[in-house]
Amino acid sequence: MVERRPTLRELTERALDLAGVQGASYADIRIVRRESQGITVKNGVVEALSSSENQGFGVRVIVDGAWGFASSAYLEPAEVDRVTALAVQIAKASALVKTQDVNLGPPVVHVATYRTPAEIDPFEVSLEKKIELLLAADEAMRRTKGVKVAKGNMAFIREHKIFASSEGSFIEQEIIESGAGLEATAVGEDDVQKRSYPNSFGRHQGTAGYEFIVAMDLAGNAGRIGEEAVALLTAPQCPGGTMTIILGPTQLALQVHESCGHPIELDRVFGTEASYAGTSFLTTEKLGNFRYGSEIVNITADATVPGGLGTFGYDDEGVPAQRTPIVREGIFVGYLTSRETATMLGQQSNGAMRADGWKENTGKPQNGSLKILSLNPGKSWKRERD
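Counting from 30, one number per residue, gives the positions in the sequence shown under our numbering.
Written as structure tokens, this is what we have:
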């Protein structure tokens, strides 16, 4: 007789029940399955082709007012028991050195499903069709004399996530990402220049299906990219000095991400996170008082924008995606928060807690590509001429 395998929901219930029996005042479990595919072509040749798939789960608990977390790639009942017990043990050890109890605020309970709206499943599109498109764009770039290197790439991700908590949440999500980009390198007698499309760096990626790639019209734009790369070889240098400039969309996105994104991560403010971008100068007394820009500057963090790379249904604590004001009329008014950090300001989470796969504890609010940070358009503008 073949033993029936437990469903994923039954495994989540098993972990939550065991955590409660072993003393957890709160527990959650995330089960994540991730598929990815990448293609790179260079000068008419397929340079790289990758495909991967991984699955695992992570259990997070609060015991005696402290966090514990453990994870595993083996999704079996006995392993769920072991990992849950390990998370409880870690929490008990952490409680011995805690400075204060973890406070998540009021319960957050949602039973829901979310799937990225995708017209064409990118994993159902053949490799041959994807490679054919990249090679056509590659050839179009190299038609321009002076282009020595032409590169194109595509990347696709599908992540299936289940989140369940002892508070009663059970959320199932499928997030699909599609992206592509081109780059032409032109070489002159004493200069090398690059031009890329559609972004000035890397590829353009969004939560969408293969229709996202079709809309880029890679082959249709490739010739122009090659021509512009060559034109840069003889273009005059940009003037130096202090002056008013207009930032293009991709540079603006990077500027907002670095100057306004990382500083608003509330865990950086509290000094519990410093990786990559350090801590933050936006200390809590600046909330509602600090001038970030002129009165026409308005910035929002929005995880509901259709097709955005930071668009999702619920974060990894089960909090719904939402739009949060960050700068209003030039004044700093909001952070990216988790349930825990939000309570320290007497607020509720704005759904910014994202983990990188099943191995990682949901330990920090994320910005940028993981939640869309945007400079909002103004009500009016004028162009002045000398």
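A virtual CB, placed ideally from N, CA and C, is assigned to each residue, including glycine.
{"query": "Where Leu311 falls: helix, strand or coil (DSSP)", "result": "coil"}
{"query": "Through-space distance from Leu47 to Ala107, alpha-carbon basis", "result": "12 Å"}
{"query": "For Asn83, three-class secondary structure by DSSP", "result": "strand"}
{"query": "Asp331 - DSSP class collapsed to helix/strand/coil", "result": "strand"}
{"query": "Beta carbon of Cys300 nearer than 7 Å to that of Thr308", "result": "Residue identity check: residue 300 is Gly in the sequence provided, not Cys. A contact, by the Cβ cut-off of 7 Å."}
{"query": "Three-state secondary structure (DSSP) of Ala258", "result": "helix"}
{"query": "Residues near Ser398 by beta carbon distance below 7 Å, same chain, minus five either side", "result": "Because the pLDDT of Ser398 is 40, which lies under 50, any placement of that residue in the model is unreliable, and the number read from its coordinates should be weighed accordingly. The answer, listed in chain order, is Leu338 and Gly339."}
{"query": "Pair within 7 Å by beta-carbon distance, Gly386 and Val88", "result": "no"}
{"query": "Assigned secondary structure, Phe361 (DSSP; H/G/I helix, E/B strand, else coil)", "result": "strand"}
{"query": "Buried or exposed (CB count within 10 angstroms, at least 16 for buried), Cys267", "result": "exposed"}
{"query": "For Gly208, the first and last residue of its enclosing beta strand (DSSP E)", "result": "Phe199 to Val216"}
{"query": "Start-to-end residues for the beta strand (DSSP E) that takes in Met16", "result": "With the chain covering 30 to 415 only, the question about residue 16 has no answer from this structure."}
{"query": "Residue range of the alpha helix (DSSP H) that includes Arg38", "result": "Leu37 to Val50"}
{"query": "Span separating the alpha-carbon of Thr378 from that of Glu369", "result": "Thr is not the amino acid found at residue 378; the sequence shown has Ser there. Each residue's alpha carbon lies about 8 Å from the other."}
{"query": "CB of Ser207 within 7 Å of CB of Phe230, strictly", "result": "no"}
{"query": "Selection from Arg63, Ser54 and Ala77 that minimises the alpha carbon distance to Gly94", "result": "Ser54"}
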